[in-house]
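Here the sequence shown is numbered in our numbering, starting from 20 and rising by one per residue.
Cβ coordinates follow ideal geometry from the N, Cα and C atoms, glycine included.
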Amino acid sequence: MIKDSPNPPSDPQPTDQLFTVRLSLDSETLLANAAQDIASVQALTAHLAFEVGGVQRDVVLGIHRMLEGIQLMVDRVLDLNEVPELKSSGAS
């Protein structure tokens, strides 16, 4: 007898997750994407800071400042990941 529908996957995706990260992605790719996302949120907060005033502006600028620190840390990890590649390729 021929079935109308294919067999379901043996390892179905969890139904309670909206987003997932592919397991095959390497650390550098994940960090590069995180850095780009952080830069986007920084741009949003920088713009928003000029749209609000008073305490709200202070909060937005505080968030922006925290994002700058996080961006520096992610960029540093990306820089550290590049060092072994340079050494293995013979560049100095």
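Straight-line gap, residue i to residue j (C-alpha atoms, nearest Å)
i, j, result
"Leu91", "Ala58", "11 Å"
"Phe69", "Leu44", "37 Å"
"Leu63", "Asp23", "49 Å"
"Val60", "Asn26", "42 Å"
"Val93", "Leu49", "10 Å"
"Ile89", "Thr34", "31 Å"
"Leu42", "Ala53", "16 Å"
"Leu80", "Glu87", "10 Å"
Any chance the stretch 90-103 sits against the stretch 64-78, with 3 or more Cβ pairs inside 8 Å?
Short answer: they don't touch.
Unbroken alpha helix (DSSP H) runs of length 4 or more, entirely within the stretch 56-111: which are they?
Within the stretch 56-111, the runs of alpha helix (DSSP H) at least 4 residues long that lie entirely inside it are, in chain order, 73-108.
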